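*Asks:*
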Amino acid sequence: MVGMTLSYEARKQLYLRLLMAPALLLMAGLIVFPAFYAIALSLTNEALLGFAARDSSFVGLRNFTRLFTDPLFWNSLKVTLIFVIGSAVIGQFAFGLLSALCLRRPIRFKAIFNSIIVLPNAVPEMVVGFIWISMYATGEYGTLNRIVGWFGVEPQQWLFSFPLMAIIIVNTWRGIAFAMILLTSGLESIPKDVYEAAKVDGATDRQIFFRITLPMLMPTIFLYMFVSTVTTFAIFGLVYTLSRGGPANSTEIIGIYIYNQSFTAFQLGYGAAVAVVSLVISMLIGVFYVRALKVKI
Amino acid sequence: MSRIELEGVWKSFGDVEVIKGVDIVVEQGEFAVFVGPSGCGKSTLLRLVAGLESISKGEFRLGGKRMNEVSPDRRGIAMVFQSYALYPHMTVADNIGFALSLKKIPKPEIRKRVEEVAAILRMEDLLARKPVELSGGQRQRVAIGRAIVKRPQVILFDEPLSNLDAMLRVQMRAEIQRLHQEFGSTIIYVTHDQVEALTMAQKIVVLQGGAVAQIGAPMALYKKPENAFVAQFIGSPKMNLLPAQIERAGGDSCVARIGMQAISIPARAGFASGDEIRIGIRPEHIRVSKNGQSDLKSSVALIERLGSETYLHLEAEHEPVVVRIEGDMQADVGDEIGIVFDRVHCHYFNRSGSSVAA
Amino acid sequence: MNCNARHKDPAAYPGGGRTMGRIVKSVRYAAVLLGTVLALQSPVTGAQDVIRIAEHRSVRLDALRTLVPDIERELGIEIRVVEYPSPALDYFTKLVTELRSGNAPDVFTVPRDQQIDDLAAAGYLADMSETLAAWDGYEALAPLARQLAKATFDRKSYVVPSILAVEQLYYRKDILERHGISTDQPADWQDLLDRGRAIRDKTGHYALLFPAGLTWGTGAYTEGFRHLLAGSSDPLLLSDAGRYRLRSAGVRDALEFYETLIEEELTPIEPLLSPEPWIIPKYEMFPAGELLVTTCGTWCVVFDWGPNSRNPIPDLEQRVATWDMPGKHGGRHVMAALVYGWAVNQKSRSRVRARQVALRLGSVDASIAYATGLGNVPARLDAKEHEGFAALVHLHDAHAQLTRASAVQTTVGSSTLMAGVARATESLLTGREDAAGAQELLFRYVSNILGDEAVEAAAR
Amino acid sequence: MAGGATVESAASQRRGNLRAYGILLFISFYCAVPFLWVLVASFDAKPSQFLRWPEDVTFSNYSNLFVNESGMLWLLNSVVVIGIATIIVLVFAGLGGYALSRTRAWWKAPLLYAIILVRIVPPPALIVPVYKVMLTLNDGVNATINAVVSDPSQALFLSRIFSFVDGYLGLILVLAAMQLPLAIWIMKTFFDAIPVDYEEAAALDGASTLQTLRRILLPLALPGLAAAGLFAFISAWGDFLMPLMFTSSPELQTLPLGLFRAFLRIDRIDYGFLTALAVIYTLPAVIAFSFARKFLTRTFSGGVKG
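Chains A, B, C and D supply the protein sequences, listed in that same order. Here the first sequence is numbered in the numbering used here, starting from 944 and rising by one per residue. Here the second sequence is numbered in the numbering used here, starting from 1106 and rising by one per residue. Here the third sequence is numbered in the numbering used here, starting from 186 and rising by one per residue. Here the fourth sequence is numbered in the numbering used here, starting from 4 and rising by one per residue.
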């Protein structure tokens, strides 16, 4: 009977609450609550082994004091930073922008170039690891070793000698397409007459690029940086399948560090403390970008 | 059965009051137009009638029955949306028949009624098309067809012609009037265009800032605007409003001062010495003095020659005055011209904008 | 960049009806698919109990599969073998997470005896004390196996011993002899190091390998550190109260030994930092004669260098021989470890049957089947009377050593201890810390995780 | 290089084009070469970890997939798990996005900002608490199953399906939850662009909420749902972390985990089988991505900007 006396508008608003409930509940239960629960867990010695697995106890900030004095944690932050900057901010962006600019020229085989560049983006993480392990295979028959062999370079143990660089190369490979697609649409949204006006004013190609194209592309670049920073920060499977953070923690990005601490050292409480730090970092990035991008809702 | 009564209706969104105590009656079978500038609340009022928004305070009765809590589909009301809201994934026939199909009416019956409607609207050949394949006027027709197929007691139109070009608009105006005469439904028609209101309505409701400014037959509003807002809103070009001050009241006439010049006007009970009023007069009720005798001296600022008529844009005491003249007239910008007001058609508005009665 | 403006006019949308039909059709396909997958999951109907056994590594799987038909017949049950990942870390991670979530198999192996305490303390393992006490094979077990099957904190037995790894120093007899380097049993650490220096100087190859570093995982402790600790000036890792003594002189001795190996370039460092650190030194350098002495267990002669291995050493018996691990100031010892003992899941739905299966897997024929594949020795001393034992020539010596073999006692928190040792030795490998620093690192790491109460704070 | 369509002299145009060809060839080489091995090895009768031209070209690696039970099982598991997860995402995000678009309430803006933040929560940061949450739910589910069902094999069967750890339900829900924030954003911005008039017209026509959803909004929302569904599918299909965390039984393994674990059998890696399976595993994602591509820009700008 309640439904009868409510107006259409009120009833609709009520239905809307019901309709959004399942999605909100699922996110609240499996993302939001766990994120806060991580804080509670980080204050305990919760573990998967030993007496703490049966009865964990409150240990205050011990996990955090350990964390901030643990060189492996700082190493992991440093590795993450290099990984994000190397692959998302520099690698993917540079190759993506180059591809986007080149593909705007009146050249042939555009569709072919385009599909080849886009292909890596769609490949599942596990397969990425799988095929790059073959690329990086040691010995003279390793694919990369054969390629550098054309230039007279000795066979290398890529994943051992240049581990961080190796995973940066893989993640760059994987993300060129996203940068290219986003930047292409950014370039397309720059009106043609702006270029024409600049030409009329006598600007050279170089000047046009740095004084017209780049500034007008800034919003897109900013957006790209946000999305790629956040997604790169969250990478796990790719590095896990390739190197598991090794050798000697040289590729132990924060996600891998959390996993290793939680599920190979079985220290859930400590893992949660690292997770809290990484949550705080990503929320800061998020709030910064939301502000800077002036997100409209 | 379908007499519409709005009594003391208020609507607020949060703290914002959009409709502020409106009383309107639309008789059964009447064609009522709600008109007003954008933001006056006319569309909101329509949505209150349709049941898409709830009434915050007051009562809406249809055929004497309170409707506030009745859901939109049970009010027996159809609505034609400004955007037409034709379902893009359905054919014209499906669009028109949608409401019937929801009522589980058998398919042959639906087809029959859809075809009837299509015949009335002369669009039998469009039934199999999708909305995207229709022109603006055709979409408009489908939207109307979707409304009348339900044989509603009341049809609501929300600025239905605003997306059409001028030619089509005139044509559709006539069409809607024809439909009204044929079906005899009560119609509420919302527009911001006073020409549509004057040409179509049996009753016009002028709304301003969420309140009723005046209700009446078109010519009543034209001839006897109750306030300065209605006076200026109805009629094109707008009525001239000249600020003036009563200098001497009493007797059969009094003197009003416009800037440096004085003009005699008939005395009204409401006038007192020193009152600030506005004198309203439509452009067609002003003559250019040919004999030097004039109410007001002015200079020509702009001349619009339309052949059959000419609009003189004058400036008198820094106030713009528009004068309509039959045929052409020899004058140049900057000429000094005396003008004469037809006193019978003068309106007087006090400081609050209300008309001062004789 | 207003998004609304980018969407096309919804009126331009082509057709919904056909799509709806397609959706309905695909829902039907999905239902069929779902049915198929559920059918693959469906339980085997029948009155027989089903016991799930977790097993990993292909040699072990092969051994188990030969045993299963007999066990099924004898016990009147059905056995399902669940394959687990081979790498030790992955196996243990998967096992522990499953034990915690309650869906682990009924019977599984605990790879190293050190892990028993941690698993039992967490409540994952069913108590096997009574089962073992009533078992006719119990008295036949090597005493060390009986001892290592118990948890230290409650003295209850949690696994059925199957095989033991006997670990010693393996050296390339052929190469040492060729260079005129003594192959006598080294008398003490000094002697061993001198032997190493001689090898380095005379052959130009690496001399000694004691596993170390993070990537070797628990091996840094089990195959490296504990050999040194056992022979150090203070070999006890636990205090009377069962706390770890990480600031002991013994721990310092062991880490200093590592430091010496690294500083004097007696041991290969780079391979130890790589993802699979055992591959290069053990599977490549030792067979190639580029590394001449290494700690290893009996499995090495089968698994690492045997005829079926990746780089077999021909005439293995002539080329490779063993020393006992010397003590710092003399004495010698053979280290043994209880490996792959059979445990029963505390949350198993059929624990009684599972215990029977575990016992059956502790029988002599079962342990010989495993010993053959892995190169370890059966835990039961009466195995030598079994007909299959005769074929295991290369294990006879080691099996005979069982009675004098020893082990370093650990307690709850051993996985943390082992991780700490891996970190401490890693810091030595990378040169970040000296022995004292590494010891402090070990102490801090373990006390941070286990709490101060689990660690002896006093310096000595 | 900058202008694209602007006037250039023929010579400089040609020079620029040559440079573009050079750059594109290099990038394409970089992008394509890693695929060679997995493609070639999958047709090689004796494949190895190294790229080489097969002496015997064979299709048996692919035909074996249908014989090899585990490969088939992984594929089916993937299809079922990701399929159901995608459907859940579509239903929840469709309804949720619509509701968020139409809701009028003071908490709408804060909620939308919160969803943006939820979207950027890195999944690895959640594994420990989610694992704990799932364990708790799992204990509940299994206690219920054990209380209701006495037959152990039946109990095992039920727990396979409804368990939160090592069961279909848990994996499906957690995969769906991770995809929801983005999908909701896509749907919310999509519904923002659909005039509310359609629903109101339907309401005046006498349609109930359900009828409006089914007959008006669902058909209108299909392009948006396609975009949301494709992105959810691609992301869930490629996800490695959640299967790693929440499946262990071989019967439950999906492709990424199955492949990975098979790859860990260091001593016995069947490269032919694995590469063929990897190709099969990659194909749906590539196909889905080729469809999703045109939504990419709009989605990510739309997802972050309103």
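By construction, the Cβ of each residue, glycine as well, lies at the ideal position given by its N, Cα and C atoms. Computed from a predicted structure; not experimentally measured.
Shortest alpha-carbon distance to Asn1064 (chain A) belongs to which of D:Val84, D:Ala279 and D:Ala288?
*Replies:* Position 121 of the first sequence, counted from the start, is the residue given in the question as residue 1064 (chain A). Ranking the options by Cα distance to Asn1064 (chain A), first place goes to D:Ala288.
*Asks:* If contacts are defined as beta-carbon pairs under 8 Å, then Val351 (chain C) and Ala551 (chain C) qualify, I think. What distance do you get, rounded to the angstrom?
*Replies:* Translated into the one-based positions of the third sequence, residue 351 (chain C) becomes position 166. Translated into the one-based positions of the third sequence, residue 551 (chain C) becomes position 366. Incorrect: roughly 19 Å between the Cβ atoms, too far for contact.
*Asks:* Chain A beta carbons: is any one of them nearer than 8 Å to that of Gly1181 (chain B)?
*Replies:* For the purposes of this step, residue 1181 (chain B) is identified with residue 76 of the second sequence, where counting begins at 1. It does not: the Cβ of Gly1181 (chain B) has no partner Cβ on chain A nearer than 8 Å.
*Asks:* With C-beta atoms as the reference, is Asn1332 (chain B) less than 8 Å away from Gln1350 (chain B)?
*Replies:* Walking along the second sequence from the start, residue 1332 (chain B) turns up at place 227. Walking along the second sequence from the start, residue 1350 (chain B) turns up at place 245. Taking 8 Å as the Cβ cut-off, Asn1332 (chain B) and Gln1350 (chain B) do not qualify as a contacting pair.
*Asks:* Can you pull the chain D residues whose beta carbon is under 7 Å from the beta carbon of Tyr1294 (chain B), in chain order?
*Replies:* As a working note, residue 1294 (chain B) is residue 189 in the second sequence. Correct list: empty, because the minimum Cβ distance to chain D is about 16 Å.
*Asks:* Considering only the beta carbon of each residue, do Leu267 (chain D) and Leu280 (chain D) sit closer than 8 Å?
*Replies:* Translated into the one-based positions of the fourth sequence, residue 267 (chain D) becomes position 264. Translated into the one-based positions of the fourth sequence, residue 280 (chain D) becomes position 277. Not a contact, by the Cβ cut-off of 8 Å.
*Asks:* Thinking C-alpha only, which one of D:Gly275, D:Asn149, D:Pro127 and D:Ala96 is nearest Ala231 (chain D)?
*Replies:* Residue numbering aside, residue 231 (chain D) sits at position 228 when the fourth sequence is read from its first letter. Here the closest residue by C-alpha is D:Ala96.
*Asks:* With distances taken between CB atoms, is the gap from Val1445 (chain B) to Ala1406 (chain B) smaller than 8 Å?
*Replies:* Within the second sequence, residue 1445 (chain B) is the residue found at index 340, counting from 1. Within the second sequence, residue 1406 (chain B) is the residue found at index 301, counting from 1. It is not a contact, given that the beta carbons lie outside the stated cut-off.
*Asks:* Would you mind listing the alpha helix (DSSP H) stretches within the segment 20-98 of chain D that are 4+ residues and don't spill past its ends, in chain order?
*Replies:* For the segment 20-98 of chain D, whole alpha helix (DSSP H) runs of length 4 or above, ordered along the chain, are 63-70.
*Asks:* Tell me whether Lys1170 (chain B) is buried or exposed, calling it buried when 16 or more other Cβ atoms sit within 10 Å of its Cβ.
*Replies:* As a first step, residue 1170 (chain B) is located in the second sequence; it is residue number 65 there, counting from the start. Lys1170 (chain B) comes out exposed.
*Asks:* Ignoring anything shorter than 4 residues or poking outside the segment 100-158 of chain D, list the alpha helix (DSSP H) runs there in chain order.
*Replies:* The qualifying runs are 111-122 and 126-151.
*Asks:* For Asp1357 (chain B), count the other beta carbons within 10 Å of its own beta carbon; 16 or more makes it buried, fewer makes it exposed. Which is it?
*Replies:* As a working note, residue 1357 (chain B) is residue 252 in the second sequence. So Asp1357 (chain B) counts as exposed.
*Asks:* Quick check: the Cα distance between Ser293 (chain D) and Ala966 (chain A), rounded to an integer number of angstroms?
*Replies:* Counting from 1 along the fourth sequence, the entry for residue 293 (chain D) is found at position 290. Counting from 1 along the first sequence, the entry for residue 966 (chain A) is found at position 23. Rounded to the nearest angstrom, the two C-alpha atoms are 27 Å apart.
*Asks:* Which residues in the same chain as Val1127 (chain B) place their Cβ atom closer than 6 Å to its Cβ, once the five residues preceding and following it in sequence are excluded?
*Replies:* Against the second sequence, residue 1127 (chain B) aligns to sequence position 22. The residues are Leu1111, Val1114 and Val1317.
*Asks:* Could you name the residues of chain B that Tyr958 (chain A) contacts, counting a contact when the two beta carbons are closer than 7 Å?
*Replies:* Counted from its first residue, the first sequence places residue 958 (chain A) at position 15. Correct list: empty, because the minimum Cβ distance to chain B is about 12 Å.
*Asks:* Under 7 Å Cβ-Cβ, which residues of chain D neighbour Ala1204 (chain B)?
*Replies:* Start at 1 with the first residue of the second sequence, and residue 1204 (chain B) comes out as number 99. Chain D residues near Ala1204 (chain B): Asp208 and Gly209.
*Asks:* So, is Ala8 (chain D) buried or exposed, given that buried needs 16 or more other C-beta atoms within 10 angstroms?
*Replies:* Mapped onto the fourth sequence, residue 8 (chain D) falls at position 5. Because the pLDDT at Ala8 (chain D) is just 45, under 50, the model does not fix this residue reliably, and the point stays unresolved.
*Asks:* Just confirm the distance between the C-beta atoms of Tyr980 (chain A) and Lys135 (chain D), as a whole number of angstroms; I'd bet it's less than 8 Å.
*Replies:* Along the first sequence, read from residue 1 onward, the residue named residue 980 (chain A) stands at position 37. Along the fourth sequence, read from residue 1 onward, the residue named residue 135 (chain D) stands at position 132. That pair is a contact at about 7 Å.
*Asks:* So which residues of chain B does Asp200 (chain D) contact, with C-beta pairs closer than 7 Å?
*Replies:* Locating residue 200 (chain D) in the fourth sequence gives position 197, counting from the first residue. Here the neighbours are Phe1186, Ser1188 and Ala1190.
*Asks:* For the beta strand (DSSP E) containing Arg1362 (chain B), list its first residue and its last residue.
*Replies:* Locating residue 1362 (chain B) in the second sequence gives position 257, counting from the first residue. It spans Ser1358 to Ile1363 - the beta strand (DSSP E) in which Arg1362 (chain B) sits, taken as one unbroken run.
*Asks:* Taking Cβ-Cβ distances shorter than 7 Å, what residues in chain C pair up with Gln1210 (chain A)?
*Replies:* Start at 1 with the first residue of the first sequence, and residue 1210 (chain A) comes out as number 267. Near Gln1210 (chain A) (Cβ distances below 7 Å), the residues of chain C are Ile634.
*Asks:* If you follow the beta strand (DSSP E) that Met1402 (chain B) is in, where does it begin and where does it stop?
*Replies:* Walking along the second sequence from the start, residue 1402 (chain B) turns up at place 297. The question names Met, but residue 1402 (chain B) in the sequence shown is Lys. Its beta strand (DSSP E) spans residues Leu1401 to Arg1410.
*Asks:* If distances are taken between C-alpha atoms only, which option among C:Arg495, C:Leu394 and C:Ser459 comes closest to Ile447 (chain C)?
*Replies:* Walking along the third sequence from the start, residue 447 (chain C) turns up at place 262. Looking at the Cα atoms, C:Leu394 is the closest of the given residues.
*Asks:* What does Ser286 (chain C) touch in chain D if you count any residue whose Cβ is under 7 Å from its own?
*Replies:* Translated into the one-based positions of the third sequence, residue 286 (chain C) becomes position 101. Here the neighbours are Leu138, Asn141, Val168 and Asp169.
*Asks:* Please name the residue or residues paired with Pro1425 (chain B) in a DSSP beta bridge.
*Replies:* Against the second sequence, residue 1425 (chain B) aligns to sequence position 320. Looking at the DSSP assignment, Pro1425 (chain B) forms a beta bridge with B:Glu1420.
*Asks:* To be precise: take each residue of the segment 289-318 of chain C, compare its Cβ to all Cβ atoms of chain A, and keep it if any distance is under 9 Å. Which residues remain?
*Replies:* Listed by position along the chain: Gln300, Asp302, Asp303, Leu304, Ala306, Ala307, Gly308 and Tyr309.
*Asks:* Using a C-beta to C-beta distance shorter than 7 Å, which residues of chain D count as neighbours of Pro1177 (chain B)?
*Replies:* As a first step, residue 1177 (chain B) must be located in the second sequence, where it is residue number 72. Residues of chain D passing the Cβ test: Ala206 and Leu207.
*Asks:* Let me know the secondary structure DSSP gives Ala8 (chain D) once reduced to three states.
*Replies:* Your numbering for residue 8 (chain D) matches position 5 in the fourth sequence. With a pLDDT of only 45 at Ala8 (chain D), under 50, the local geometry of the prediction cannot be trusted, and the value read off the model is given with reservation. Ala8 (chain D): coil per DSSP, three-state reduction.
*Asks:* How do the segment 109-116 of chain D and the segment 162-182 of chain D stand: do at least 3 beta-carbon pairs fall below 8 Å, yes or no?
*Replies:* Output reads no: the segment 162-182 of chain D does not touch the segment 109-116 of chain D.
*Asks:* Can you pull the chain B residues whose beta carbon is under 9 Å from the beta carbon of Glu203 (chain D), in chain order?
*Replies:* Taking the first residue of the fourth sequence as position 1, residue 203 (chain D) is located at position 200. Within 9 Å Cβ-Cβ: Arg1152, Ala1155, Leu1157, Pro1177, Met1184, Phe1186 and Ala1190.
*Asks:* Is Pro1071 (chain B) helix, strand or coil by DSSP?
*Replies:* Residue numbering for chain B in the displayed model covers 1106 to 1463; residue 1071 (chain B) lies beyond these limits and cannot be assessed.
*Asks:* According to a CB-to-CB cut-off of less than 8 Å, which residues of the segment 1184-1199 of chain A neighbour chain C?
*Replies:* So the close ones are Ser1186, Arg1187, Gly1189, Pro1190, Ala1191 and Asn1192.
*Asks:* What residues in its chain sit with their C-beta under 7 Å from that of Val504 (chain C), if we drop five residues either side in the sequence?
*Replies:* By 1-based counting over the third sequence, the position of residue 504 (chain C) is 319. It is worth fixing the name first, because residue 504 (chain C) is Arg in this sequence and not Val. Correct list, in chain order: Arg357, Lys358, Asp359 and Ile498.
*Asks:* Could you work out which residues of chain C lie near Arg1009 (chain A), taking near to mean beta carbons separated by less than 9 Å?
*Replies:* Within the first sequence, numbered from 1, the residue matching residue 1009 (chain A) stands at position 66. By Cβ distance, chain C contributes Arg629, Tyr630, Asn633 and Ile634.
*Asks:* Extract the residue ranges of the alpha helix (DSSP H) inside the segment 1137-1223 of chain A, only unbroken runs of 4 or more that lie entirely within it.
*Replies:* Fully enclosed alpha helix (DSSP H) runs of 4 or longer: 1157-1176, 1180-1185 and 1197-1206.
*Asks:* For Gly1072 (chain A), which of helix, strand or coil comes out of DSSP?
*Replies:* In the first sequence, counting from the first residue as 1, residue 1072 (chain A) sits at position 129. Note: Gly1072 (chain A) maps to helix in three-state DSSP.
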